[in-house]
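Numbering (my numbering), first residue to last: 3 to 662.
Below is one structure, written out as structure tokens; the observations come after it.
Below you can see the structure in the form of structure tokens.
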């Protein structure tokens, strides 16, 4: 049968609303912790899952809530609904799921507190079991069953409207209702909202007492209003929605109806916006809301995939890995939620670039799954990729994670020359990271001169290698964080460690100013994150802004140019900066990537090679140095004339992780 383009979005939205502890308050219905099954599901697999859910709910003494979305048919003249799987044939009863039989069997299960079912298919009313079937069986009719159905027996259903509007009603609440929403109250609200289908509900009670069957908590209970409908949104979503509503203007708000939107009603709000006359403001609002819809779908995947592994530190690391950087302040560590993080990832990409939001969220999901130890081939992730057409972004993210998990990359040494004045320090701070988490730290005291710092750095490498030996791992990656003044006169990769340190280790130079705990440094780091995350495609003359000496003679003027946004790209210097550490301080504050020549100028060939080899940098520089040190055939590589500070996502994320 024909494709159902709104199916997965509707399923995720309804699942999120029902699983929200403040609203539907549902626990996962399958024994393995799953609550949502999407994708190419054979009919027999659907039947097996329904049997397992029924038995699990009976064991828990719970109410079983089933939502069946998809294609359905009624064979011949018998009003009996069959739900189709991926292998079903319309009209073939043996190839589909007999919904009426499933519901009657579940309602008759000993131990259940009752059964609620949402049926969003064509001919949905064919799901109603006849009264004689409910009044017989092992419980002798002492059963409770509630059905909410999208259509009559001979009616088609359109665009998964029942599921989408039901999620919206649950998210909004009902003004004239008590604390709990039962089927009758919900049906009364849905009927005027769904005009091209006949919403039908059925409640059967076989005399059991206790709490009545209910579908969701009523958000508007006691307040009589939906509190702006923003409870489901995080801080980035609230801010974005406020801007959207302001842009739309009061004349388009329909007496305030726009403020009823929330995390579950956003798809409906998008539909209502599309009904407005085409305009740039309307189109921009739709793009923003679509990003928020995608973010909350991603949250549903996370809650299913990593229910016990979501932590604030992991969220921040995944945001960095996904390139989700912003000049806007994020919630503090104590307040950051998965909703904040996903919304931030979705909203920071340029809204006019199709597919970028979905790709960024895919990277975010893979980074979190990898960090939390989840299966990167999990069905939840694969379903997300299929639904949002992000296979390339998914494969690239998985490849990046798997490369990081190689044994040679598990250990990482970070050494910082701690000097508030920028001169040679009296101590070095060292951190050893195992699989991205800090395993040990050490302070190494030294004489405040170059020989003292080099001796302390060598001692730090010795300390890290002792750990590596005890773990049966290899230390390959060393980050050395250096003040700007020292950076101009010292090359840590050339440290004498038996052989040059950079021959046997990946030595990357970082700027130690990123570790400054001051609030101004935090703001500059966020700006560096944002600049680093900008698309790296060659546009407007290359990947870097190359500055000649005459444009850098006055560091104050350079600072003003950065503050006014004149240099949006990474920075390259055409001339050797010599000992101009004041200029370097300014450049490093505003640019996370800085490239400069030493003892020569950066000519056209240097600039061409940087653009050409960008994807292999910064390690490409170290490879060029090694070629030159060894005097090999490629020792004339002009890339060896250049030096770099490359404060990438890993370094910025590490700096952020040290903040209290």
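All C-beta atoms, glycine included, are put in the ideal place defined by N, C-alpha and C.
Note that the structure is predicted; figures quoted are calculated from it, not measured.
Check: Taking the alpha-carbon of residue 602 as reference, which of 575, 621, 217 and 276 has the nearest alpha-carbon?; Outcome: 575
Check: CA-CA distance, residue 430 and residue 364?; Outcome: 38 Å
Check: Drop a sphere of 10 angstroms on the beta-carbon of residue 621, count the other beta-carbons inside from all chains shown, and report buried for 16 or more, exposed for fewer.; Outcome: exposed
Check: Using the three-state DSSP reduction, which class does residue 151 fall into: helix, strand or coil?; Outcome: strand
Check: At the level of alpha carbons, what is the spacing between residue 585 and residue 470?; Outcome: 39 Å
Check: Can you give the Cα-Cα distance for residue 461 and residue 246, rounded to whole angstroms?; Outcome: 56 Å
Check: Report yes if the C-beta distance between residue 304 and residue 367 is below 9 Å; otherwise report no.; Outcome: yes
Check: Inspect the CB distances between the segment 470-487 and the segment 507-527 and report whether three or more fall short of 8 Å.; Outcome: yes
Check: Tell me whether residue 117 sits in a helix, a strand or coil according to DSSP, three-state version.; Outcome: strand
Check: Using 10 angstroms around the beta-carbon of residue 445, count the other beta-carbons present and answer buried if the total reaches 16, otherwise exposed.; Outcome: exposed
Check: Following the continuous beta strand (DSSP E) through residue 569, name the residue where it begins and the one where it ends.; Outcome: Unbroken run through residue 569: none, as it is neither H nor E.
Check: Restricting to Cα atoms, I'd like to know which of 614, 394 and 238 is closest to residue 357.; Outcome: 394
Check: Residues in its own chain within less than 6 Å of residue 1 by CB, not counting five upstream and five downstream?; Outcome: No answer is possible for residue 1: the residues shown for the chain start at 3 and end at 662.
Check: Please identify the residue among 55, 390, 496 and 402 whose C-alpha is closest to the C-alpha of residue 299.; Outcome: 390
Check: Grab the span of the beta strand (DSSP E) containing residue 205 for me, first residue to last.; Outcome: 202-207
Check: Expressed to the nearest angstrom, what Euclidean distance is found between the alpha-carbon atoms of residue 88 and residue 392?; Outcome: 22 Å
Check: I'd like the list of long-range same chain contacts for residue 63, defined as Cβ closer than 7 Å, with 5 residues on each side in sequence excluded.; Outcome: 113 and 115
Check: Have a look at residue 168 and residue 188 and give me their C-alpha separation to the nearest angstrom.; Outcome: 8 Å
Check: Could you name the residues of the same chain whose beta carbon sits closer than 6 Å to that of residue 52, not counting the 5 residues immediately before and after it, in chain order?; Outcome: 104
Check: Beta carbon of residue 459, beta carbon of residue 413: below 9 Å?; Outcome: no
Check: Identify whether residue 46 lies in helix, strand or coil by the three-state DSSP scheme.; Outcome: helix
Check: From the DSSP output, in three-state form, read off residue 145 for me.; Outcome: coil
Check: Would the segment 114-134 count as touching the segment 25-45 if we require 3 or more Cβ pairs under 8 Å?; Outcome: no
Check: Does DSSP classify residue 493 as helix, strand or coil?; Outcome: coil
Check: Quick check on the burial criterion: 16 or more other C-beta atoms within 10 angstroms. Buried or exposed for residue 263?; Outcome: With a pLDDT of 40 at residue 263, under the threshold of 50, the predicted position of this residue should be treated as unreliable, though the coordinate-derived value follows. Result: buried.
Check: Buried or exposed for residue 582, please, with buried defined as at least 16 other CB atoms from any protein chain shown within 10 angstroms of its CB.; Outcome: buried
Check: Could you tell me whether the segment 5-22 touches the segment 188-208, using the rule of 3 or more Cβ pairs below 8 Å?; Outcome: no
Check: Which stretch, first to last residue, makes up the beta strand (DSSP E) that contains residue 443?; Outcome: 439-447
Check: Taking 9 Å as the cut-off, decide whether the C-beta atoms of residue 118 and residue 85 are in contact.; Outcome: no
Check: Go to residue 17, then tell me how far its alpha helix (DSSP H) extends in each direction, as first and last residue.; Outcome: 9-21
Check: Taking only the alpha-carbon atoms, compute the straight-line gap between residue 49 and residue 129 and give it to the nearest angstrom.; Outcome: 15 Å
Check: Taking residue 608 as part of the alpha helix (DSSP H), name the residues at either end of that continuous run.; Outcome: 606-614
Check: Between which two residues does the beta strand (DSSP E) containing residue 479 stretch?; Outcome: 477-484
Check: Considering only residues of the same chain and omitting the five flanking positions on each side of residue 442, which have a CB-CB separation below 8 Å?; Outcome: 433, 434 and 469
Check: My guess is that residue 101 and residue 69 are in contact by the Cβ rule of under 8 Å, so how many angstroms apart are they, rounded?; Outcome: Rounded, the Cβ-Cβ distance is 12 Å, inconsistent with contact.
Check: Determine the closest residue to residue 38 out of 650, 385 and 546, with distance taken between C-alpha atoms.; Outcome: 385
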